[in-house]
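The letter at position 1 of the sequence shown is residue 18 when you use this note's numbering, and the numbering goes up by one with no holes. Below you'll find the structure, written out as structure tokens, and then a few comments.
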Amino acid sequence: MNRGPLFLFLLITLLTSCSKPNINQNQAFIQALTTHIEAIQTANFDQLASTLPTDEKLHWVKTDGERVQELNDFLDPHKEWFANYPIDMTYKIVHWEAGEKLGYAGVHMIYKSIDEKGVAHSDLVEVSYVLKKFDTDWKVVLDHATAVKKPVSDNS
Numbered sequence: 018m019n020r021g022p023l024f025l026f027l028l029i030t031l032l033t034s035c036s037k038p039n040i041n042q043n044q045a046f047i048q049a050l051t052t053h054i055e056a057i058q059t060a061n062f063d064q065l066a067s068t069l070p071t072d073e074k075l076h077w078v079k080t081d082g083e084r085v086q087e088l089n090d091f092l093d094p095h096k097e098w099f100a101n102y103p104i105d106m107t108y109k110i111v112h113w114e115a116g117e118k119l120g121y122a123g124v125h126m127i128y129k130s131i132d133e134k135g136v137a138h139s140d141l142v143e144v145s146y147v148l149k150k151f152d153t154d155w156k157v158v159l160d161h162a163t164a165v166k167k168p169v170s171d172n173s
């Protein structure tokens, strides 16, 4: 009996059944990350809050090195920022990987602003994110922002 066709059928079935959950998982991870970043980009406080865990500490390392672990200590400054300052930000997800329960991403962000003297500034910030899967939802559990000291152009 020739088992080649049966073996080939089983192999293809196994490979395709294993890859579908990963594709869906990857899509869900990227969607959660994008939702978080776009909440900042559009100053949408409620959307930002929806991307964070409510029952677990959030780890935020700000560009000045200060560490924050309480949810309100992350949300309160963002609420003030969104209310008082226009946000002009572009971003690019540079790399990412999602596992079954944890995923990480590196994001390149450029913030443009005008200071009190009317001088335009562009700030490059590299952000490392870790997202954790809670039941079926990915939530940001670590946000480590690093200010990069170099001139920024629009195509960085």
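In this text, a Cβ means the ideal position worked out from N, Cα and C, and glycines have one as well. Source: prediction; values computed, not measured.
Same chain only: Cβ atoms within 7 Å of E73, ignoring 5 sequence neighbours per side: For the purposes of this step, residue 73 is taken as the residue at position 56 of the sequence shown. Closer than 7 Å at Cβ, skipping near neighbours: V158.
Collapsed DSSP secondary structure at E87 in the structure displayed: Locating residue 87 in the sequence shown gives position 70, where the first residue counts as 1. Coil.
Test item: CB-CB of S130 and D105 under 8 Å: Position 113 of the sequence shown holds residue 130. Position 88 of the sequence shown holds residue 105. A contact, by the Cβ cut-off of 8 Å.
Own chain, CB closer than 8 Å to L88, minus 5 neighbours either side, in chain order: As a working note, residue 88 is residue 71 in the sequence shown. Closer than 8 Å at the Cβ level, and outside the excluded window around L88, lie L69, P70, T71, K74 and L75.
Candidates S139, K134, I57 and G120: closest to I47 by CA position: The residue you call residue 47 lines up with position 30 of the sequence shown. The candidate whose alpha carbon is nearest that of I47 is G120.
S145 versus A162: straight-line alpha-carbon distance, rounded: Counted from its first residue, the sequence shown places residue 145 at position 128. Counted from its first residue, the sequence shown places residue 162 at position 145. Between S145 and A162, the C-alpha separation is close to 7 Å.
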